[in-house]
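For reference, the structure discussed in these notes is given below.
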Amino acid sequence: MGTIITRAVGLFLIILLAYFLKQIGFLNKADGSSLSIVIMNVTLPAVVIINLANLDIKGNLLLFVLLGLLWSFLQIFLSYFAAKKKTTTDQQFFIYCASGFNIGNFTLPFVQGFLPLGVPLLSMFDIGNSIMLAGGTKVVSDRLTGQNTGVHFKSILRQLFSSIPFTCYVVMLGLRLISIDLPASFLTVLEPVADANVFLSMFMIGLYLELRLPKPDRNTVLQLLTLRYAMGLLFVLFFYLLPIASLTKIILCLLCVTPVPLFGVVNSVIAGIKEESVGFASSVSFLVSLPLMTLLLLLLGSSV
Numbered sequence: 004m005g006t007i008i009t010r011a012v013g014l015f016l017i018i019l020l021a022y023f024l025k026q027i028g029f030l031n032k033a034d035g036s037s038l039s040i041v042i043m044n045v046t047l048p049a050v051v052i053i054n055l056a057n058l059d060i061k062g063n064l065l066l067f068v069l070l071g072l073l074w075s076f077l078q079i080f081l082s083y084f085a086a087k088k089k090t091t092t093d094q095q096f097f098i099y100c101a102s103g104f105n106i107g108n109f110t111l112p113f114v115q116g117f118l119p120l121g122v123p124l125l126s127m128f129d130i131g132n133s134i135m136l137a138g139g140t141k142v143v144s145d146r147l148t149g150q151n152t153g154v155h156f157k158s159i160l161r162q163l164f165s166s167i168p169f170t171c172y173v174v175m176l177g178l179r180l181i182s183i184d185l186p187a188s189f190l191t192v193l194e195p196v197a198d199a200n201v202f203l204s205m206f207m208i209g210l211y212l213e214l215r216l217p218k219p220d221r222n223t224v225l226q227l228l229t230l231r232y233a234m235g236l237l238f239v240l241f242f243y244l245l246p247i248a249s250l251t252k253i254i255l256c257l258l259c260v261t262p263v264p265l266f267g268v269v270n271s272v273i274a275g276i277k278e279e280s281v282g283f284a285s286s287v288s289f290l291v292s293l294p295l296m297t298l299l300l301l302l303l304g305s306s307v
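Residue numbering for the sequence shown follows this note's numbering, starting at 4 and increasing by one per position.
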């Protein structure tokens, strides 16, 4: 228990350090964008390769891909019905930011630091999640809200395979399905790169934190975050009661309380939501998810 709390405090201090350095002008938000490029194209792919390199692909792992799709669909419909009486723009805000899972920039580095055996499960889940975030959610949202922005299957595929982490997921899954091993020396070289992912991801979050919000938008953002975490905690209860393996249970419970995904932020801004509102919702979600995930680890982690 002490180790979990110490590590969680360490992650929070990394976020706080980056935010402090931004506030005093030593760094700025643009530096977070530079870090995100390094994370998404270097350290996160290294984490994926390292953790899937010796994975024995079984049926339950492949089910996680399907779960990533179906769970996102369920979140979308629940979010839409919760915001049905709101304006079309607010409906899109709820759909984009109350659904989806922030795995690459938050949940995966969190699990990497606390529960590395769970990374393969997260990686499989993120394949389905990425399909939705890269375009699936927008297609469903447009249909539900009466928009027609012409998102096509080809554009979704192009978006997916322009993502190096997603491409690594698919390539590593293919290699493991036919039992091809990567050279041990290559994996050894990648290890320190993968180890840097946790620090860089938390530091990037600190640089992106925005804690100012115009008064007229506070009620909408509060309702959105309440919906996201109320759904999440109900799912926690559901998975906790399921008779499944301890590792699977805790990973699913952690997924229930992930922060707002990056694609949700981008799509919300494109839909016309104020950048300040979206940025605030995203920032607060990180600060809420970290203690919730830590609490779930304390309650469930001893059984793994």
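Glycine included, every Cβ here is placed at the ideal spot set by N, Cα and C. Keep in mind it's a predicted model, so treat the numbers as computed, not measured.
Item                                                                                                                                                               : Value
Pull up the CB-CB distance for residue 110 and residue 258, whole angstroms please, since I reckon it's below 8 angstroms.                                         : 7 angstroms
Give me the Cα-Cα distance between residue 133 and residue 163, rounded to the nearest whole angstrom.                                                             : 7 angstroms
Are the beta-carbon atoms belonging to residue 112 and residue 36 less than 8 angstroms from one another?                                                          : no
Count the CB pairs spanning the region 187 to 199 and the region 250 to 265 that are closer than 8 angstroms, and state whether there are at least three.          : no
Within the continuous alpha helix (DSSP H) that includes residue 109, where are the two ends?                                                                      : First-last for residue 109: undefined, no H or E at that position.
Please name the residue in 215, 191, 79 and 283 whose C-alpha comes closest to that of residue 56.                                                                 : 191
Identify the continuous alpha helix (DSSP H) that holds residue 309 and give its terminal residues.                                                                : What is shown of the chain runs 4 to 307, which leaves residue 309 out entirely.
I need the boundaries of the alpha helix (DSSP H) containing residue 101, first residue and last residue.                                                          : 91 to 101
Leaving out five residues before and five after residue 82 in sequence, what residues of the same chain have Cβ atoms less than 7 angstroms from its Cβ?           : 97, 98, 101, 102 and 230
Count the C-beta pairs between the region 116 to 136 and the region 58 to 71 that are closer than 8 angstroms, then say yes if the count reaches three, no if not. : yes
Would residue 262 and residue 280 be called neighbours here (beta carbons separated by less than 8 angstroms)?                                                     : no
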